[in-house]
Amino acid sequence: MTVRWARRTSGMKTSEIREILKLTQRPGMISFAGGLPAAELFPVEEMGEVVQEVLERDGHAALQYSTTEGDPALRGAVARRMNRILGTSVEPDQILITSGSQQGLDLSGKLFLDEGDAVLCESPTYLGAINAFRGYEPRFVEVPTDEDGMIIRELERCLAEHDLIKLAYVVPDFQNPTGRTWSLERRKAFLELVARHGIPVLEDNPYGELRFDGQAVPSLKALDEHGLVVFLGTFSKTFCPGLRIGWLAAEPELREKYVMIKQGVDLHTSTLGQRLIAVYLERFGLDADTTRIRGAYRRRRDAMLRAMDESFPPGVRYNRPRGGMFLWVELPEGVNARTVLERSLERGVAFVPGGSFFPNGGHENTMRLNFTAMPEERIVEGVRRLTAALHEVMAGGMPAAATVGVEVAEPPQ
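Numbering (my numbering), first residue to last: 1 to 413.
And the structure:
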């Protein structure tokens with residue numbers, strides 16, 4: 001039987017991160033690959049109490065169909081938390097509950113993109129967004145970045161050179177994959193330029209509450225004076241990703257467009273999941289959870305950076321993120337991170353090569369390291385093994401043990 005697939009499927013690719021994560025299930029593997037929260041910090045006991053309360057108090061409604069917009073109690077809690085922490089001024093009626101913020105990306109592609117339209121994005125940018133948008137057959141206009149975010153002169157150049165830019169997608173706080181955070185000056189300049197061109201902005205903010213150092217910077221949504229910013233948030237990084245609950249915040253007319261599209265996708269996000277989070281927020285809040293998470297992640301980031309400072313080869317550059325879940329590594333020109341990954345996997349360490357985060361290709365000498373999913377002692381051991389792989393590849397194949405004086409670990413079975 002010959003199956004005729006939709007044309008759009010020809011551009012779809014299996015997520016490289018997903019394929020690497022399959023390897024991390026091998027016993028003994030140290031994973032710096034996925035953007036996984038620390039599972040041991042999940043509030044399991046408290047959630048047990050919440051599940052029982054929801055089912056006893058409101059079980060029939062919690063197991064029933066619900067409205068597309070989302071549970072009113074949860075939307076109200078989300079709006080209040082955004083306004084208190086991010087400096088926004090959104091109303092509950094501007095909130096749409098989604099099945100993770102990933103659904104917000106897909107809904108945005110449906111809403112804004114036709115074949116051949118352009119998406120303006122950071123270079124590099126989040127792989128999940130690339131995959132979500134690619135199904136709508138757009139072009140990607142990559143704007144070069146530095147440690148302060150999008151470089152404004154490069155943004156001006158891209159806006160002048162490209163037409164049909166229908167959407168700007170950005171992650172201004174502790175960006176995935178680089179961990180970079182935009183300065184206030186860059187945020188204001190960016191908003192001024194996109195407003196001048198009438199380009200809607202998708203602000204993806206999974207990591208905004210995971211700041212370890214320095215002062216918080218207002219979100220783009222808080223700075224937006226033209227109603228162009230659609231804010232994507234999620235409970236996956238600060239609470240429980242298995243519930244798959246996220247949200248978007250947009251101006252009323254725009255939010256209604258999203259509601260209509262979501263009705264055709266899944267009718268609504270899990271009623272039970274929404275009730276569980278709403279009751280958890282009512283009983284416990286999230287402040288204590290995020291404080292505990294930030295402390296653990298800060299220690300893990302510091303452990304990774306200390307180990308890298310002590311052992312990484314000369315010529316390898318990396319940043320020092322002030323929060324989030326990732327740091328970014330740039331290898332010398334001509335050193336392919338995929339080759340390093342092959343050697344690293346042999347030693348039982350996984351990471352994600354950075355080339356996947358550039359929608360138009362190239363930059364194969366980069367890599368993303370996650371520091372949140374492993375305890376500190378495993379991070380130190382993982383950096384030791386990764387260093388051995390780096391020395392081997394950069395030395396042109398010389399055995400790593402002879403290069404750096406360490407015993408090569410046996411590959412995990």
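Using N, Cα and C, we set each Cβ at its ideal position, and we do this for glycine too.
Beta-carbon proximity list for VAL50, same chain, < 6 Å, skipping 5 on both sides: Closer than 6 Å at the Cβ level, and outside the excluded window around VAL50, lie LEU276, VAL279, TYR280.
Residues near SER89 in its chain [Cβ-Cβ closer than 7 Å; skip 5 each side]: Within the same chain, SER89 has close Cβ partners ASN83.
Of the listed residues GLY109, VAL170, GLY149, nearest to LEU441 (C-alpha basis): Any answer about residue 441 is impossible in this case: the structure gives the chain only from 1 up to 413.
3 or more residues per run - each beta strand (DSSP E) lying fully within the region 188 to 246: The beta strand (DSSP E) runs of length 3 or more contained entirely in the region 188 to 246 are, from start to end of the chain, 201 to 204, 229 to 234.
PHE371 (DSSP reduced to helix, strand or coil): The DSSP-derived three-state label of PHE371 is coil.
Bridge partner(s) assigned by DSSP for LEU120: LEU120 is bridged to VAL141, ALA168.
Span separating the alpha-carbon of THR125 from that of ASN370: When rounded, the distance between both Cα atoms is 15 Å.
Neighbour-count burial assignment, GLY128, 16 or more Cβ in a 10 Å radius: Here GLY128 is buried: its Cβ has 16 or more other Cβ atoms, across all protein chains shown, within 10 Å.
Where the beta strand (DSSP E) containing ILE95 begins and where it ends: Where ILE95 is concerned, the enclosing beta strand (DSSP E) stretches over 95 to 98.
Alpha-carbon to alpha-carbon, ALA222 and LEU191: Taking the Cα positions, LEU191 is about 11 Å away from ALA222.
Per DSSP, the bridge partner or partners of THR366: Looking at the DSSP output, THR366 sits in a beta bridge with GLU330.
Cα-Cα separation, ALA160 to ALA195: One C-alpha to the other measures close to 14 Å.
Burial state of GLY116, where buried means 16 or more other Cβ atoms lie within 10 Å: With fewer than 16 other Cβ atoms within 10 Å, it is exposed.
Three-pair Cβ contact test at 8 Å for the region 241 to 258 versus the region 351 to 360: Three or more beta-carbon pairs separated by less than 8 Å are not found between the region 241 to 258 and the region 351 to 360, which leaves the two stretches without contact.
Per-residue burial, GLY334 [other beta carbons within 10 Å of its own, 16 or more giving buried]: By the neighbour-count rule (16 or more Cβ atoms within 10 Å), GLY334 is not buried but exposed.
Spatial neighbours of PRO241 in its chain, beta-carbon cut-off 7 Å, leaving aside the 5 residues before and after: The beta carbon of PRO241 sits closer than 7 Å to the beta carbons of PRO37 from its chain, once the five residues preceding and following it are set aside; these are given in chain order.
Residue of THR269, GLN175, CYS158 minimising C-alpha distance to ASN205: Closest option to ASN205, Cα to Cα, is GLN175.
Three-state secondary structure assigned by DSSP to GLU410: At GLU410 the pLDDT is 33, less than 50, meaning the model places this residue with poor confidence; the figure from the coordinates comes in the next sentence. Looking at GLU410 - three-state DSSP - the assignment turns out to be coil, as it is neither helix nor strand.
Reduced DSSP category for LEU36 - H, G, I as helix; E, B as strand; rest coil: Three-state result, LEU36: coil.
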